[in-house]
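Residue numbers (the numbering used here): 7 to 762.
Right, one structure below, let's go through it.
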Amino acid sequence: MKPGEVSNLSALLAYVSDPDKPDRSAFIDKCCADLEKMVLHAGQALFQQGDPGNAMYVVMKGHLQATVTQDRGGQIAVWDIGPGEPVGEMEILLGGNRGTNVHVVDDAELAKIDKAGFEAAADESPEAIRQMVQNVRRRLQRIQLLAILPRLLGPVDETTLQDIEQQTEWVHLHRNEVLFRQGDAGDSLYIVVSGRLRVVFEDENGNERVLGELGRGESVGEMALITGEPRSASIYTTRDTQLLKLSKAAFDEIIKRYPQVMMAIAEILVGRLRKKEVPLHTISTVTTIAVLPAGGDVPLADFVERLAAKLTTLGPVLNLSSGRLNGLLGKTGMAQISEHGAHSTRLATWLDEQETKHRFVLYETDKNVSPWTKLCIRQADHVLLVAQAGAHPAPGQIESELLGPTRPITSGRRVLILLHPDGQRLPSGTSRWLAARQVQEHYHLRWDTDADFGRLARFLSGRAIGLALGGGGAHCLAQIGVIRALREAGIPIDIVGGTSMGAVIAVLCAMGHDCRTMIRLNRKGWIESKPFSVTEYALPLIAFFRSRKFDEIAKIPSRDADIADLWLNCFCVSSNLTTSKMVVHRRGPVWKALRASASLPGIAVPVLDSGSLLVDGGVTNNLPGDVVRDLGAGSVIVVNVSSEQRLSIEHDEFPSTSDVFWSRVLPFRQRINVPGILDVLMASTMLSSQARADAVIRDADICFHPPVSKYGLLEFDAIDEIVEVGYRYAKRKIQELQADESFMKMIAAAGGSQPA
7 MKPGEVSNLS
17 ALLAYVSDPD
27 KPDRSAFIDK
37 CCADLEKMVL
47 HAGQALFQQG
57 DPGNAMYVVM
67 KGHLQATVTQ
77 DRGGQIAVWD
87 IGPGEPVGEM
97 EILLGGNRGT
107 NVHVVDDAEL
117 AKIDKAGFEA
127 AADESPEAIR
137 QMVQNVRRRL
147 QRIQLLAILP
157 RLLGPVDETT
167 LQDIEQQTEW
177 VHLHRNEVLF
187 RQGDAGDSLY
197 IVVSGRLRVV
207 FEDENGNERV
217 LGELGRGESV
227 GEMALITGEP
237 RSASIYTTRD
247 TQLLKLSKAA
257 FDEIIKRYPQ
267 VMMAIAEILV
277 GRLRKKEVPL
287 HTISTVTTIA
297 VLPAGGDVPL
307 ADFVERLAAK
317 LTTLGPVLNL
327 SSGRLNGLLG
337 KTGMAQISEH
347 GAHSTRLATW
357 LDEQETKHRF
367 VLYETDKNVS
377 PWTKLCIRQA
387 DHVLLVAQAG
397 AHPAPGQIES
407 ELLGPTRPIT
417 SGRRVLILLH
427 PDGQRLPSGT
437 SRWLAARQVQ
447 EHYHLRWDTD
457 ADFGRLARFL
467 SGRAIGLALG
477 GGGAHCLAQI
487 GVIRALREAG
497 IPIDIVGGTS
507 MGAVIAVLCA
517 MGHDCRTMIR
527 LNRKGWIESK
537 PFSVTEYALP
547 LIAFFRSRKF
557 DEIAKIPSRD
567 ADIADLWLNC
577 FCVSSNLTTS
587 KMVVHRRGPV
597 WKALRASASL
607 PGIAVPVLDS
617 GSLLVDGGVT
627 NNLPGDVVRD
637 LGAGSVIVVN
647 VSSEQRLSIE
657 HDEFPSTSDV
667 FWSRVLPFRQ
677 RINVPGILDV
687 LMASTMLSSQ
697 ARADAVIRDA
707 DICFHPPVSK
717 YGLLEFDAID
727 EIVEVGYRYA
737 KRKIQELQAD
747 ESFMKMIAAA
757 GGSQPA
């Protein structure tokens with residue numbers, strides 16, 4: 007290139023660097039060493055969206071325009087490029103294919119700089135590259151804004167894009183920063199472009215409770231902005247986060263010009279109000295997942311590959327390791343640059359762009375503490391700690407140094423994954439793993455069971471399917487039949503929990519038993535053990551029956567297993583008479599949780615736990631679908647076996663005990679039908695939780711209600727018949743539901759099979 011033609015290339019350097027910086031001339035020399043001059047005429051395309059990004063250009067003369075092809079078709083202009091400005095530098099800096107279409111507006115001359123020449127210049131001019139990245143980031147923000155706006159406005163044109171751009175402000179926050187605090191004035195709303203927010207509520211006693219988390223594309227602050235009331239919760243970042251801010255004045259102006267924005271926000275608020283009793287979904291917007299070894303001998307690469315294969319069915323996945331990252335960026339050592347290194351801003355911008363392009367980004371850490379490992383953890387919404395279940399539970403080097411209790415480098419949700427070679431034996435010792443580290447959840451995965459990886463993928467994507475089993479004595483045996491029908495239909499159960507007798511069925515399901523085994527164990531407990539025989543009557547000072555038989559029945563599933571040891575995430579619900587609160591058992595001995603959950607007041611002796619009296623969960627929550635939802639299920643299936651028939655009597659006055667007795671003993675007397683003591687106790691137990699059960703049924707995605715009211719609450723002798731009723735009923739209902747589009751979408755994301 008002739009010396010006189012370098013003037014516009016110098017203009018590029020003004021774009022990327024301070025003229026007084028010493029590396030400016032070095033950058034010019036390197037860029038000018040091997041340039042190719044190009045001449046294009048009006049209407050010609052320089053490149054198309056999706057083309058390989060293997061060179062950048064500098065406009066010497068003329069003008070070009072960049073456009074983006076929208077999802078619904080059509081193109082929208084995003085910026086104009088004139089003399090001295092770069093073209094295609096985004097892909098050279100950040101890697102990947104072209105993100106825009108660029109065509110010539112009027113005849114133009116360009117200087118082409120290939121990737122090798124650019125990288126050579128970049129190595130000697132880190133400050134120039136840092137500034138160039140900042141300018142690229144501004145262009146990238148415009149594309150990110152364009153991706154968000156259709157959710158609020160529908161199709162967007164150039165004028166709309168410019169209007170919104172002028173009204174919004176970009177906000178960048180680092181991890182653990184405060185966006186706003188509870189009680190602050192509601193003077194703006196925010197939209198998450200990248201990163202993650204945590205919503206925290208503080209009650210009148212100063213106790214904080216996490217209500218949920220918000221991810222890319224979600225908004226926060228609308229309610230306070232519209233109502234003028236103070237902020238109802240505090241918002242913190244869990245990792246570096248980029249947001250769009252709309253002030254009150256800007257919001258009012260946008261609503262005036264684009265009233266459809268108000269409709270979109272109203273839909274968001276209505277959706278939240280409908281779920282006001284349920285915490286915000288904390289998982290469904292998870293984008294970035296770090297996977298690290300919690301101990302030695304972990305097949306980390308194979309694990310990540312299998313998880314990525316399952317996540318791919320739910321959306322585009324980028325699987326990154328340090329080696330893959332270097333290959334994608336075409337530069338050795340990029341993965342191991344320090345947090346404040348010369349190319350750190352370049353890498354951070356590239357990673358932000360990948361979050362925009364992919365539903366999930368998987369970060370496979372190194373097996374030791376390294377700059378790449380630190381970056382993976384800092385970027386993550388979720389951190390998966392993967393360990394061999396048979397290994398020592400002590401935290402490894404990465405956990406100790408980067409996730410310790412003093413100064414962890416992430417606020418992301420931590421999940422323990424325990425790998426088992428197969429499912430021949432129930433897990434054990436899980437409590438030791440949980441005691442050794444702070445994690446919010448854990449999962450058991452069998453290496454030979456592909457469906458377990460599907461279960462983890464559904465939890466990470468917010469599509470887990472939860473099953474809630476209500477209480478109801480022998481009626482709950484029908485739930486075994488429902489489980490069989492679900493399994494045969496290919497509908498997986500990812501989390502299961504129950505109340506009272508429903509808790510017994512839930513535990514057997516979570517242990518992985520097939521339905522034949524469930525029937526056998528229930529027959530052993532409720533028929534062969536004869537817990538309600540005359541010999542088990544007790545002096546009714548505390549309860550009508552002794553506790554010995556109930557203890558034995560509770561130990562039939564397992565005498566020493568912990569709830570945390572079950573293959574599926576599981577819980578049992580009991581009621582604390584001491585504190586008047588519901589208790590959700592997720593850890594501790596299985597038998598004790600079952601014993602507490604099914605301790606019908608007056609029938610069975612309460613369970614003593616840390617000074618509290620625990621009784622039947624039906625007192626507080628007889629149909630725990632809300633608990634299933636709170637624990638991360640995206641879809642909730644409930645099985646309600648409560649009788650729709652209400653207690654009543656066809657007499658003006660209640661008959662005497664002797665009249666009722668003789669009417670049932672003497673054949674020539676007409677039988678007097680009145681509720682028995684068990685009926686009264688059972689109805690009294692569930693009375694306080696009936697309104698809650700009604701709300702659960704309304705919220706559930708699917709509600710099964712097997713027709714078992716003709717059977718008695720203690721009619722366990724009819725086990726085979728009751729199970730069959732539940733199976734046939736559920737099978738018919740599933741066939742009917744297959745005509746429902748939402749039901750088919752739910753099971754479309756489900757994979758694998760379970761034992762029938």
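Where is the CB? At the ideal position from N, CA and C, for every residue including glycine.
All of these numbers come straight from a predicted model, not from anything done at the bench.
Check                                                                                                                                                                            : Outcome
Tell me the residue span of the beta strand (DSSP E) that contains Phe186.                                                                                                       : 184-186
Relative to the alpha-carbon of Asp169, which residue among Leu151, Glu183, Ser616 has its alpha-carbon at the smallest distance?                                                : Leu151
Report the rounded CA-to-CA distance for Leu217 versus Asn182, giving the unit in angstroms.                                                                                     : 16 Å
Mapping the DSSP letters down to three states, classify Pro156 as helix, strand or coil.                                                                                         : helix
Does the region 67-83 come within contact of the region 101-108, defined as at least 3 CB pairs closer than 8 Å?                                                                 : yes
Taking three-plus beta-carbon pairs below 8 Å as touching, is the region 745-755 in contact with the region 716-730?                                                             : no
Using the three-state DSSP reduction, which class does Arg365 fall into: helix, strand or coil?                                                                                  : coil
Is the distance from the Cβ of Met485 to the Cβ of Val645 below 8 Å?                                                                                                             : Inspection of the sequence shows that residue 485 is occupied by Gln rather than by Met. Closer than 8 Å, so yes.
Which first and last residues belong to the beta strand (DSSP E) in which Tyr242 is found?                                                                                       : 240-243
Between Glu345, Glu214, Thr355, which has its C-alpha nearest Ile383's C-alpha?                                                                                                  : Glu345
According to the neighbour-count rule (16 or more other Cβ atoms, all chains shown, within 10 Å of its Cβ), is Gly402 buried or exposed?                                         : buried
Looking at the structure shown, is Val310 part of a helix, part of a strand, or coil, going by DSSP?                                                                             : helix
Just the Cα atoms here: how many angstroms apart are Ile289 and Asp456?                                                                                                          : Per-residue confidence for Ile289 stands at a pLDDT of 46, beneath the threshold of 50, marking its modelled position as unreliable; the derived number appears in the next sentence. Rounded to whole angstroms, Ile289 to Asp456 spans 22 Å at the Cα level.
Helix, strand or coil, according to DSSP, for Leu286 in the structure here?                                                                                                      : Because Leu286 sits at a pLDDT of 44, beneath the cut-off of 50, its placement in the model cannot be relied upon, and the following sentence gives the value as read from the coordinates. The answer is coil: DSSP assigns Leu286 none of H, G, I, E or B.
What residues are listed by DSSP as bridge partners for Trp85?                                                                                                                   : Ala72
Could you tell me whether the Cβ atoms of Asp387 and Arg420 are closer together than 8 Å?                                                                                        : no
Specify, as a first and last residue, the run of the alpha helix (DSSP H) that Ile501 falls within.                                                                              : From DSSP, Ile501 is part of no alpha helix (DSSP H) but of the beta strand (DSSP E) over 501-505.
Could you name each continuous alpha helix (DSSP H) segment of 4 residues or more that falls completely within the region 572-634, going from the start of the chain to the end? : 596-603
From the DSSP output, in three-state form, read off His481 for me.                                                                                                               : helix
If you draw a straight line from the C-alpha of Arg222 to the C-alpha of Met524, how long is it?                                                                                 : 43 Å
Below 8 Å on the Cβ atoms is my guess for Cys578 versus Leu600; work out the distance and round it to an integer in Å.                                                           : 6 Å
Can you tell me whether DSSP reads Ser664 as helix, strand or coil?                                                                                                              : helix
Helix, strand or coil: which one does DSSP assign to Glu214?                                                                                                                     : strand
Taking the alpha-carbon of Pro771 as reference, which of His180, Ile423, Ser350 has the nearest alpha-carbon?                                                                    : Any answer about residue 771 is impossible in this case: the structure gives the chain only from 7 up to 762.
Using the beta-carbon count (16 or more within 10 Å), is Glu95 buried or exposed?                                                                                                : buried
Do the CB positions of Pro411 and Gln446 come within less than 8 Å of each other?                                                                                                : no
From Glu133 to Arg635, what does the alpha carbon distance come to, in whole angstroms?                                                                                          : 50 Å
If we require 4 or more residues per run, which alpha helix (DSSP H) segments fall completely within the region 392-426?                                                         : 403-408
Smallest Cα separation from Ile708: which of Gln741, Lys716, Asn679, Gln696?                                                                                                     : Gln741
Kindly indicate the opening and closing residues of the alpha helix (DSSP H) around Lys739.                                                                                      : 725-743
Between Lys716, Val184, Ala153, which lies nearest to Glu171 when the distance is taken from Cα to Cα?                                                                           : Ala153
What are the boundary residues of the alpha helix (DSSP H) that includes Trp378?                                                                                                 : 377-385
Could you check how far apart the C-beta atoms of Pro712 and Val647 are, in whole angstroms? I think they sit under 8 Å.                                                         : 6 Å
Does DSSP put Ala51 in a helix, a strand or coil?                                                                                                                                : strand
Of the choices Leu317, Ala127, Met62, whose alpha-carbon is the least far from that of Arg464?                                                                                   : Leu317
Distance, Cα to Cα, Gly477 vs Asp622?                                                                                                                                            : 9 Å
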